[in-house]
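Residue 486, in our numbering, is where the sequence shown stops; the numbers in between run on with no holes.
We put the CB at the ideal spot given by N, CA and C, even for glycine.
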Amino acid sequence: KWKQLSRLQRSVILFLFAFLAVCGVISYTSMGEPWKSLTNKSLDDQKTEAEIPGLKLANPAVLPAPQKADANLGDYPELSQQKPPKLPYVRRGPSNLQIKPPRRNMRLKTRHDPSRVVEEPVQADKEEKTEKSVISWRGAVIEPDQSTEPPSSKVKEPEKPSSVEADDQKEPVPITERQMAVIEAFRHAWKGYKDFAWGHDELKPLSKSYSEWFGLGLTLIDALDTMWILGLKEEFEEARKWVANDLVFDKNVDVNLFESTIRILGGLLSTYHLSGDSLFLEKAKDIGNRLMPAFKTPSKIPYSDVNIGRGTAHPPRWTSDSTVAEVTSIQLEFRELSRLTGDEKFQKAVDEVMKHVHTLSGKNDGLVPMFINTNSGQFTHLGVYTLGARADSYYEYLLKQWIQGGKKENELLEDYMRAIEGVKKHLLQRSQPKQLTFVGELAHGHFSAKM
Numbered sequence: 036k037w038k039q040l041s042r043l044q045r046s047v048i049l050f051l052f053a054f055l056a057v058c059g060v061i062s063y064t065s066m067g068e069p070w071k072s073l074t075n076k077s078l079d080d081q082k083t084e085a086e087i088p089g090l091k092l093a094n095p096a097v098l099p100a101p102q103k104a105d106a107n108l109g110d111y112p113e114l115s116q117q118k119p120p121k122l123p124y125v126r127r128g129p130s131n132l133q134i135k136p137p138r139r140n141m142r143l144k145t146r147h148d149p150s151r152v153v154e155e156p157v158q159a160d161k162e163e164k165t166e167k168s169v170i171s172w173r174g175a176v177i178e179p180d181q182s183t184e185p186p187s188s189k190v191k192e193p194e195k196p197s198s199v200e201a202d203d204q205k206e207p208v209p210i211t212e213r214q215m216a217v218i219e220a221f222r223h224a225w226k227g228y229k230d231f232a233w234g235h236d237e238l239k240p241l242s243k244s245y246s247e248w249f250g251l252g253l254t255l256i257d258a259l260d261t262m263w264i265l266g267l268k269e270e271f272e273e274a275r276k277w278v279a280n281d282l283v284f285d286k287n288v289d290v291n292l293f294e295s296t297i298r299i300l301g302g303l304l305s306t307y308h309l310s311g312d313s314l315f316l317e318k319a320k321d322i323g324n325r326l327m328p329a330f331k332t333p334s335k336i337p338y339s340d341v342n343i344g345r346g347t348a349h350p351p352r353w354t355s356d357s358t359v360a361e362v363t364s365i366q367l368e369f370r371e372l373s374r375l376t377g378d379e380k381f382q383k384a385v386d387e388v389m390k391h392v393h394t395l396s397g398k399n400d401g402l403v404p405m406f407i408n409t410n411s412g413q414f415t416h417l418g419v420y421t422l423g424a425r426a427d428s429y430y431e432y433l434l435k436q437w438i439q440g441g442k443k444e445n446e447l448l449e450d451y452m453r454a455i456e457g458v459k460k461h462l463l464q465r466s467q468p469k470q471l472t473f474v475g476e477l478a479h480g481h482f483s484a485k486m
């Protein structure tokens, strides 16, 4: 039969046999090393057991020498049977900020490596069995992360800022020419504020005077964290003295809840995180308490204005509505205030707002109207949807709250993903003839090319 086959058929058969033989040799070679190592390991284990009766600990001489005197026992399973080993946990997000006094010679410290591994202890068996939530939304699969936890029901001592770390021994890195240009630009603007508007809300540079929103030094508080980051120690210390001696919230003045939260409360909290100075946390707690009357409404949707001296709140003079952006863009600051002080009332108030908005009708594929009534808790002025003023930061704070809360509050992410789909469907258009993508508004079913 072999001779009856054609030359081509015989060549193909011989090639197949040769190919199989080569594959067999390669497989045997690759499989031989693991089996050899396993056999040697088994023989070593048997030898060790024979030399050490009663399953005693191995001779320390056979253990690898520790690299440091304070080596973690978790690195050696033989010595850590009674304690759960510490597993590495890579923190997502920006690295912790360093707490160091700014330097007079304007030399900046090196940033932390964002890839730094932080070890956290393994939780109890019961907690290990808890399944992590995963959200899948039109192909997007996002795993929950560990971050800011909600405060416990009990009031606890104020928590130290997570950014406080031991001073490292690295040499400061000289600032660049571009960085110095930024610093000088700030110094120029700050000098104008100091000379003509010190302690007031805003500088009017042309008239060399000032204007007031609330009379609480908004520019100064807003600039505290910037001065710290830029390393302007003298300017920062001068501003701190003003906060300590002259910033008083017990005054008969109406303030806007949203503006006071993002400027005053947010500015004080961020400065506390950077400096670790408890003065700023105490001031933040003071203004936070004075803003709480805004939430005393039939619907729990807060009023827009608060008298921080009298402890009363009211809507604007021209309407009983609040803007959706304002009532849904104060959550980050109030939640962080609860985390730092241990007082859950701040987070509870703003979380109720988000839960209420989550259930409301009147949305258009996740897009929300611009106004909400503080009495009924319902959207008003339906039909107009925009990424502009009165609605913009609602979408921004959805994602930021989800990240702040450890990526566990699924309703926030769901609302955000739906809104993004709504933007793509209703608010995106392309220009003619260059096909440039731009965002507009939707007014009662009609697209408006307004950015």
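Take the alpha-carbon of Ala220 and the one of Thr261: they are about 12 Å apart. Pairwise C-beta distances place the region 350-362 in contact with the region 396-413, as three or more of them are shorter than 8 Å.
As the crow flies, the alpha-carbon of Arg298 is around 7 Å from that of Leu253. Counting other Cβ atoms within 10 Å of its Cβ, Pro328 reaches 16 or more and is therefore classed as buried.
Scanning its chain for C-beta atoms nearer than 8 Å, with the 5 sequence neighbours on each side dropped, one finds around Lys460 the residues Asp400, in chain order. Residue pairing for Val341: DSSP places it in a beta bridge opposite Val290 and Ala348. Annotation: Leu282 to Gln214 spans about 31 Å, alpha carbon to alpha carbon. Counting only runs of at least 3 residues, the region 409-483 fully encloses the following beta strand (DSSP E) elements, listed from N- to C-terminal order: 463-465, 472-474, 476-478 and 481-483. Gly227 and Lys380 have their C-alpha atoms spaced approximately 40 Å apart. The way I'd put it, the region 468-478 does touch the region 419-435; three or more beta-carbon pairs between them come closer than 8 Å. Excluding residues up to 5 positions away in sequence, Leu238 and Tyr245 lie with their Cβ nearer than 6 Å to the Cβ of Ala232 in the same chain.
For the 7 Å CB-CB criterion, Thr296 and Ile365 form a contact.
Note that the C-beta distance between His393 and Asp450 is below 7 Å.
When the beta-carbon positions are compared, Ala319 and Leu309 stay at least 7 Å from each other. Note on geometry: alpha-carbon atoms of Lys435 and Arg374 lie some 16 Å from one another. Taking 4 residues as the minimum length, the alpha helix (DSSP H) runs contained wholly in the region 260-324 are 268-281 and 301-310, in order along the chain.
For Asp356, the uninterrupted beta strand (DSSP E) segment begins and ends at Asp356 to Thr358.
Just measuring C-alpha positions, the residue of Leu448, Val385, Gln439 and Arg453 sitting nearest Lys398 is Arg453. Counting C-beta atoms within 10 angstroms of its own C-beta, Ile336 has 16 or more neighbours from the protein chains shown and is therefore classed as buried. DSSP places Leu402 within a strand segment (E or B) once states are collapsed to three.
When C-alpha distances from Arg425 are compared across Ala274, Gly311 and Val362, the shortest belongs to Val362. If the five residues before and after Ser466 are omitted, its C-beta is found closer than 7 Å to the C-beta atoms of Phe473, all from its own chain and listed in chain order. Note: Lys243 is not bridge-paired with any residue in the DSSP secondary-structure output.
Between Ala484 and Asp427, the CB-CB gap reaches or exceeds 7 Å. The three-state reading of DSSP puts Pro328 in helix, counting H, G and I together. Per DSSP, reduced to three states, the secondary structure at Ile256 is helical. Per DSSP, Gly227 is one residue of the alpha helix (DSSP H) stretching across Glu212 to Phe231. As a beta-bridge residue in DSSP terms, Leu238 pairs with Tyr245.
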